Amino acid sequence: MKWSSLFALVLIGAAAGFGGSWWYFHDGGTAVHEARPGAGRGGGRGRRFAGNPDETVPVLVTPVAVRDIPVHRDGIGNVQAYAAVTARAQVEGRLLSVNFKEGQDVKKGDVLARIDPAVYQAQYDQAVAKKAQDEANLANARIDLERYEKLAATNAGSKQQADGQKALVAQLEAQIRSDQAAIDNAKTVLDYTTIVSPIDGRAGLRQVDAGNIIRSSDSAGLVTIAQVKPIAVLFTLPQRDFDAVRKAMAKGPVSVDAMQADGRAAIASGRLEVVDNQIDTTTGAFKLKAVFPNPDEKLWPGQFVTARVQIALLAAAKVIPTPALRRGPDGFFVYVVDADDKAKVRPVKPEQQDEDIAVIAEGLAPGERVITTGFARLSDGKRISISNPTDAPAASAPARTGGERRRDGNGQARPPQNRPATESSEEAPSGAAGRRRS
Numbered sequence: 012m013k014w015s016s017l018f019a020l021v022l023i024g025a026a027a028g029f030g031g032s033w034w035y036f037h038d039g040g041t042a043v044h045e046a047r048p049g050a051g052r053g054g055g056r057g058r059r060f061a062g063n064p065d066e067t068v069p070v071l072v073t074p075v076a077v078r079d080i081p082v083h084r085d086g087i088g089n090v091q092a093y094a095a096v097t098a099r100a101q102v103e104g105r106l107l108s109v110n111f112k113e114g115q116d117v118k119k120g121d122v123l124a125r126i127d128p129a130v131y132q133a134q135y136d137q138a139v140a141k142k143a144q145d146e147a148n149l150a151n152a153r154i155d156l157e158r159y160e161k162l163a164a165t166n167a168g169s170k171q172q173a174d175g176q177k178a179l180v181a182q183l184e185a186q187i188r189s190d191q192a193a194i195d196n197a198k199t200v201l202d203y204t205t206i207v208s209p210i211d212g213r214a215g216l217r218q219v220d221a222g223n224i225i226r227s228s229d230s231a232g233l234v235t236i237a238q239v240k241p242i243a244v245l246f247t248l249p250q251r252d253f254d255a256v257r258k259a260m261a262k263g264p265v266s267v268d269a270m271q272a273d274g275r276a277a278i279a280s281g282r283l284e285v286v287d288n289q290i291d292t293t294t295g296a297f298k299l300k301a302v303f304p305n306p307d308e309k310l311w312p313g314q315f316v317t318a319r320v321q322i323a324l325l326a327a328a329k330v331i332p333t334p335a336l337r338r339g340p341d342g343f344f345v346y347v348v349d350a351d352d353k354a355k356v357r358p359v360k361p362e363q364q365d366e367d368i369a370v371i372a373e374g375l376a377p378g379e380r381v382i383t384t385g386f387a388r389l390s391d392g393k394r395i396s397i398s399n400p401t402d403a404p405a406a407s408a409p410a411r412t413g414g415e416r417r418r419d420g421n422g423q424a425r426p427p428q429n430r431p432a433t434e435s436s437e438e439a440p441s442g443a444a445g446r447r448r449s
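To convert, take the position in the sequence shown, counting from 1, and add 11; that gives the working numbering.
See the structure below:
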């Protein structure tokens, strides 16, 4: 009885299982399959590949804009004083006074300090007195010469005596010139006791206090005067940009922006002043010097900045938002909206790009609409619904003259901080891969 009951239960379970399987594959299975296309985001991968082909994908679009885009090159550089001079003593002596404050703006010729002039004043006075003595002797010698010449003319005196007196006068005249030179030298040395600023600029830290003995051999000097209005930025660019920079300079003044550390905004604007006369063989780079008016003193000596040089201007360039630019195994492409509101894959050739905009050299026409979002659900020929047909960031946003990080269309980075020209991984336009494999 026990075994027969167990056998009956197994038989009943098998029959129930068979009946459930038959119902699933004939009725229930049809109901599940029809529900999948209508499922929401939880529909999983089955919805992407077996979804309703007539469903629309909501996207944002923007038209291809046309405007002038500057072409830049970036180089890391450091700010330097346009001119820097160390004011130092040219004579030895006790420092009587310091006539400036640290950090003070000074003008050329302003008195910075005074050295005790007593010794040098005495030397000057001595030179002046020596000249006065020799001038008196010369005056007496000339009187004697005139007398001797008269006597020699009447044979009352010898001609030899007159000639000797004439030589003495010439000797004293030379001595007077020597005395004048000694006076000029003594005056110059005396003037050295007053230390003046040789340029307009900003006084740095005082190196010597009043009361100390100061010498011309002191390495630190008295103070360094740095000219910061204008100010200079010395930076480098790779050798491949040399010809482009020279061509830009040949056309006229070349603008340079000193950028913030993040490269997004300009600190100051100036012009390129000079390109070095050689390329560094060890680094393959060349040096450039730019000058900035610096009226608000935003640039300071020793500061590191990114110098952005404008080497060209792309006139009437076709511009799209950078998110619209995609890259697949066959290169760059975008999704273009056709007349039937369907997404179409369009190969393009970008010329350069930054974080916000991409300049397209080939593949698009002005006014065409490109898709900027919703790429995960897009495929070639997919029907779309446009969320913002009138908003156009590429057309309405002003052209940026600074802060962009540019790249060539071939994807080569421009040092030092350009971001990649493509997505982190390549993507193939849906529906295109199958055609390439066929």
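Using N, Cα and C, we set each Cβ at its ideal position, and we do this for glycine too. Predicted model, so just to flag it, every value in this text is computed and none were measured.
LEU233 places its beta carbon 8 Å or farther from that of ILE242.
Assigned with DSSP and collapsed to three states, ARG99 falls in coil, not helix or strand. In the three-state DSSP reduction, ARG388 falls in the helix class (H, G or I).
Counting only the Cα atoms, GLN364 lies some 11 Å from PRO334.
Rounded to the nearest angstrom, the Cβ distance from PRO264 to ARG282 is 5 Å, consistent with a contact under 8 Å. Excluding residues up to 5 positions away in sequence, ILE126 and ASP127 lie with their Cβ nearer than 6 Å to the Cβ of GLY104 in the same chain.
Judged by DSSP secondary structure, ASP145 falls within the alpha helix (DSSP H) whose first and last residues are 129 to 164. Looking at PRO81, ALA323, PRO249 and ALA173, the one whose alpha-carbon comes closest to that of GLU157 is ALA173. In this chain, the beta strand (DSSP E) harbouring GLY342 covers 342 to 348. Excluding the 5 residues flanking it on each side, VAL256 has same chain C-beta neighbours closer than 8 Å at ARG84, LEU248, VAL265, LEU283, VAL286, LEU299, VAL320 and ILE322, in chain order. If you draw a straight line from the Cα of SER398 to the Cα of THR73, it comes to about 11 Å. Bounds of the beta strand (DSSP E) holding ARG319 are 315 to 332. Going by DSSP, SER189 is part of the alpha helix (DSSP H) stretching over 170 to 202. Cβ-Cβ distances below 8 Å link GLN137 to ALA197 in the same chain, with the five nearest sequence neighbours on each side left out; the list follows chain order. The C-beta separation of THR235 from ALA95 comes to about 6 Å, placing the pair in contact by the 8 Å criterion. The straight-line gap separating the alpha-carbon atoms of VAL200 and TYR135 is approximately 9 Å. Checking the DSSP bridge columns, you'll see ASN89 partnered with LEU245 and PHE315.
Separation of the CB atoms of VAL347 and VAL381 is rounded to 6 Å, and the pair is thereby assigned contact status at 8 Å. In the structure shown, the three-state DSSP call for LYS258 is helix.
Contact annotation: ALA318 and VAL239 have beta-carbon atoms that are not nearer than 8 Å. Per DSSP, the continuous beta strand (DSSP E) segment holding LEU123 begins and ends at 122 to 126. Distance from the CA of GLY339 to the CA of ASP351, rounded to the nearest whole angstrom, comes to 25 Å. Collapsing the DSSP output to three states places GLN250 in a helix. Residue environment analysis places ILE206 among the buried positions, since at least 16 neighbouring C-beta atoms fall within 10 angstroms of its C-beta.
Going by DSSP, ALA354 is part of the beta strand (DSSP E) stretching over 354 to 358. Our two residues, ALA376 and ALA327, have alpha carbons roughly 12 Å apart in a direct line.
By the neighbour-count definition (other C-beta atoms within 10 Å, threshold 16), ASP252 is a buried residue. Within its own chain, the residues whose Cβ lies closer than 7 Å to the Cβ of VAL139, once the five positions on either side in sequence are excluded, are ILE194, listed in chain order. Its chain contains VAL90, GLN91, ALA92, ALA95, ALA237, VAL239 and ILE242 as the residues whose beta carbon lies nearer than 8 Å to that of PRO312, once the 5 sequence neighbours on both sides are disregarded; these appear in chain order. Under the DSSP assignment, THR294 falls outside any beta strand (DSSP E); it carries neither an H nor an E label. One alpha carbon belongs to GLY378, the other to ASP349, and they sit about 12 Å apart. If you look at ILE206, you'll find it in the beta strand (DSSP E) that goes 205 to 207. Rounded to whole angstroms, the gap between the alpha carbons of LYS360 and PRO332 is 14 Å. Taking the CA atoms as reference points, LEU310 sits about 46 Å from ALA387. Residue environment for THR383: buried (at least 16 other C-beta atoms within 10 angstroms of its C-beta).
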